[in-house]
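Number of protein chains: 2
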Amino acid sequence: QQHFTPLRVNSTLSMDKEIPQSQRPLTFLKQSESDSSSTIRARFEKMIRETQDSVCNAIESTDGGAKFKEDVWSRPGGGGGISRVLQNGAVWEKAGVNVSVVYGLMPPDAYRAANPSSSSSSPPSPVPFFAAGISSVLHPKNPFAPTMHFNYRYFETDAPKDAPGAPRQWWFGGGTDLTPAYIFEEDVKHFHQTQKSACDKFDPSFYPRFKKWCDDYFYIKHRDERRGLGGIFFDDLNDYDQELLLSFSTECANSVIPAYIPIIEKRKDLPFTDEHKAWQQLRRGRYVEFNLVYDRGTTFGLKTGGRIESILVSLPLTSRWEYDHKPEEGSEEWKLLDACINPKEWV
Amino acid sequence: QQHFTPLRVNSTLSMDKEIPQSQRPLTFLKQSESDSSSTIRARFEKMIRETQDSVCNAIESTDGGAKFKEDVWSRPGGGGGISRVLQNGAVWEKAGVNVSVVYGLMPPDAYRAANPSSSSSSPPSPVPFFAAGISSVLHPKNPFAPTMHFNYRYFETDAPKDAPGAPRQWWFGGGTDLTPAYIFEEDVKHFHQTQKSACDKFDPSFYPRFKKWCDDYFYIKHRDERRGLGGIFFDDLNDYDQELLLSFSTECANSVIPAYIPIIEKRKDLPFTDEHKAWQQLRRGRYVEFNLVYDRGTTFGLKTGGRIESILVSLPLTSRWEYDHKPEEGSEEWKLLDACINPKEWV
Chain A
571 QQHFTPLRVN STLSMDKEIP QSQRPLTFLK QSESDSSSTI RARFEKMIRE
621 TQDSVCNAIE STDGGAKFKE DVWSRPGGGG GISRVLQNGA VWEKAGVNVS
671 VVYGLMPPDA YRAANPSSSS SSPPSPVPFF AAGISSVLHP KNPFAPTMHF
721 NYRYFETDAP KDAPGAPRQW WFGGGTDLTP AYIFEEDVKH FHQTQKSACD
771 KFDPSFYPRF KKWCDDYFYI KHRDERRGLG GIFFDDLNDY DQELLLSFST
821 ECANSVIPAY IPIIEKRKDL PFTDEHKAWQ QLRRGRYVEF NLVYDRGTTF
871 GLKTGGRIES ILVSLPLTSR WEYDHKPEEG SEEWKLLDAC INPKEWV
Chain B
571 QQHFTPLRVN STLSMDKEIP QSQRPLTFLK QSESDSSSTI RARFEKMIRE
621 TQDSVCNAIE STDGGAKFKE DVWSRPGGGG GISRVLQNGA VWEKAGVNVS
671 VVYGLMPPDA YRAANPSSSS SSPPSPVPFF AAGISSVLHP KNPFAPTMHF
721 NYRYFETDAP KDAPGAPRQW WFGGGTDLTP AYIFEEDVKH FHQTQKSACD
771 KFDPSFYPRF KKWCDDYFYI KHRDERRGLG GIFFDDLNDY DQELLLSFST
821 ECANSVIPAY IPIIEKRKDL PFTDEHKAWQ QLRRGRYVEF NLVYDRGTTF
871 GLKTGGRIES ILVSLPLTSR WEYDHKPEEG SEEWKLLDAC INPKEWV
């Protein structure tokens, strides 16, 4: 009696959407490019895909329960990605680890927005771009086990067709940050120390600079508080040697597991009350506020029709908003909030 | 040993924040203005405050459990508001009914944004403004009982000091809309019929026009779906007689209880499963996405440092994001999603 039609028959959006793939390719690069495995593009793709494998293996092994579900997709304009999500595990309620490697032609407006200094005397033509990144958010169940996020990305633009002399430009960005609902000082110190050690191998200015950048970036302006206890963050970095920044990004990505997994092993089985859980859910509400209102990757992705399920995998499985909640002064909840409002030096 | 300092010692934000009041005033208007109770300003304030009282009474009476908590605040620049929130009741998990009546001087930029046609030949001076409104979101516990939102507001600007001849301008806006997790056709029909009846008392074009405006407004672009099943919505309305629009807004506000409470009475005690609850939580996640990413009142309020707890009381107590959730074709969940993607005519 009832017949079902596709839910979205007239969606114009669906025209330039990602296409599901049954297998992950060896590389998302064009054939011509993947042959020369020495390019930064090729080496960055290799690095993020290896990181995706090693992080997912570590998560599955620590979780002991659920397995990651994989979605491979390609982009009609060029490139594709691999989304991996573990949901409702023994340790994590939601863990997403995504890589994407995309390229094509960028609308002139987007190029100008990214390059305010670019000459705008003549109407520019589309700019060839390349963007690759790994992005991950891991939300545990136990309120004493912290959420962690990391993201490392590489971006390139080529000269537009009508300006063949213009330089190829490139940028690195990324970071790793920790968002607990409760503070165990030894955990936060261990986490920051691991970031600092990775930074110090390259430049003594990196950790203090990127630690502050992290505190500044993950700022929920309307609350006058940070979403968590920070870590490191950098963006649009191109004022160092390209090889150094590739090595640095690799070192940071390799530090994710040693920074995070030991903390989870210590906290995942601690007993907790409904009140502990409710506070964790409330802090997850703040996480949602930051990601939907301020996070550049999320807001850009939502506006430009990226793969919504990959973008929003960063949101927790469950979250909570209580009206005018104020933790009791001096309580453990108050201490966490204080550290989100007044960032501290942990190492 | 440990001493506690105020969490936010250096916040510049707190300088122009609302000030808590121990009692609600008879009126938030200036003394001079409240004497002439026949102004639209005074009559609009009276209407929204009576609506706040009657809606809160109806909610408390239907809930039978919890009571509203009231916060009265004043704004250093002029005016104030009354926030009322009922949390964790027997029927509603969160119900907020707020009124605010604020006025003062608007920065020229904001005035120009609101009046693109205003002459901009000379550098303008601040514009006196007046804004009053009632705003409410009601989130029940039972997944078969729908969420409802309504909001009615009135806005005025005076001539700037340096342009005494410029006309006073005014606008009405508002709407009432329903967001169920499951469709009971008789409920949605009753809800829309009540809105239509209110509209038809004034102009036969109102319901079809404002029904479509509602479907267009509560659109989650990145999902290509609406947050719910609509109702009526209008904004920046000034092309009708001012008295007519005041009467119309009053009629709409008076229709809130008869449109909503009978539905709640029918659904509040229906038995449900964990799966029903999970689907409701998932739809509440969509509610959060709409409000934080698209809702004009919310995004404007967050950017301009309004009272955060009043603004975000619209968010549900609990919500949920599952990766790539797709309801089974033909299921009750699928039917709701279909109606959010392809808006229907209910009356």
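Residue numbers (the numbering used here), protein chains in the order written: chain A, 571 to 917; chain B, 571 to 917. Positions of the beta carbon are idealized from the N, C-alpha and C atoms, including for glycine. Computed from a predicted structure; not experimentally measured.
Distance from the Cα of isoleucine 704/B is smallest, within the candidate group Gly743/B, Thr717/B, Glu835/B and Glu845/B, for Gly743/B.
Chain A places a beta carbon closer than 8 Å to that of tryptophan 891/B, counting this residue as a contact.
The continuous beta strand (DSSP E) containing phenylalanine 803/A extends over residues 801-807. Between the alpha carbons of arginine 594/A and phenylalanine 720/A lies a gap of roughly 22 Å.
The three-state reading of DSSP puts aspartate 633/A in helix, counting H, G and I together.
Where lysine 639/A is concerned, the enclosing beta strand (DSSP E) starts and stops at 639-644. At a Cβ-Cβ threshold of 8 Å, isoleucine 790/A and arginine 796/A count as neighbours. Look at glutamate 663/A here: in three-state DSSP terms it is strand.
At a cut-off of 8 Å between beta carbons, valine 667/A makes no contact with chain B.
Beta-bridge partners assigned by DSSP to arginine 796/B: Tyr789/B.
Here the C-alpha atom of glutamate 892/A lies approximately 7 Å from the C-alpha atom of leucine 852/A. For aspartate 894/A, the nearest beta carbon of chain B is closer than 8 Å to its own beta carbon. Looking at Pro897/B, Thr749/B and Gly674/B, the one whose alpha-carbon comes closest to that of alanine 729/B is Gly674/B. Around the C-beta of glutamate 879/A, 16 or more other C-beta atoms lie within 10 Å, and the residue is accordingly described as buried. Non-local beta-carbon contacts of arginine 854/A in its own chain, meaning distances under 6 Å to residues more than five positions away in sequence, involve Pro886 and Ser889 in chain order.
For phenylalanine 742/B, the enclosing beta strand (DSSP E) covers residues 739-749.
Here isoleucine 589/B is exposed: its Cβ has fewer than 16 other Cβ atoms, across all protein chains shown, within 10 Å. The residue among Pro734/B, Pro710/B, Lys781/B and Gly867/B with its C-alpha nearest the C-alpha of threonine 746/B is Lys781/B.
With contact defined as three or more Cβ pairs closer than 8 Å, the segment 818-825 of chain B and the segment 892-904 of chain B are not in contact.
Against chain B, the beta carbon of proline 886/A has neighbours under 8 Å at Trp891, listed in chain order. Taking the Cβ atoms as the reference, valine 883/A lies roughly 6 Å from valine 655/A, within the contact range of under 8 Å. Only those residues of the segment 852-865 of chain A whose C-beta falls short of 8 Å from the nearest C-beta of chain B are listed: Gly855, Val858, Glu859, Leu862 and Val863.
Assignment of valine 917/A by DSSP, reduced to helix, strand and coil, places it in the coil class. In chain order, His792 and Arg793 make up the part of chain A whose C-beta sits under 8 Å from the C-beta of isoleucine 878/B. Pairwise C-beta distances place the segment 803-811 of chain A out of contact with the segment 750-769 of chain A, as fewer than three of them are shorter than 8 Å. When the beta-carbon positions are compared, isoleucine 834/B and proline 710/B come within less than 8 Å of each other. For glutamine 657/B, the chain A residues whose Cβ falls inside 9 Å of its Cβ are Glu892 and Tyr893, in order along the chain. When rounded, the separation of the alpha-carbon atoms in aspartate 786/A and glutamate 903/A is 22 Å. Here tyrosine 864/B is not near threonine 717/B, since their CB atoms are 8 Å or more apart. The C-alpha of histidine 846/A lies about 21 Å from the C-alpha of alanine 665/A.
Comparing alpha-carbon positions, the option among Thr820/A, Glu603/A and Thr843/A lying closest to arginine 723/A turns out to be Thr820/A. For alanine 909/B, the enclosing alpha helix (DSSP H) stretches over residues 902-911.
Around isoleucine 753/A, the same chain offers Leu799, Glu902, Lys905, Leu906 and Ala909 as residues with beta carbons nearer than 8 Å, after the five sequence neighbours per side are excluded. With a threshold of 8 Å between beta carbons, leucine 906/A makes no contact with chain B. Counting only residues of its own chain and dropping the five nearest sequence neighbours on each side, cysteine 784/A has a CB closer than 8 Å to the CB of Gly745, Asp747, Gly800, Gly801, Ile802 and Phe803. Contact note: valine 707/A does not reach chain B at a C-beta cutoff of 8 Å; the least C-beta distance is about 11 Å.
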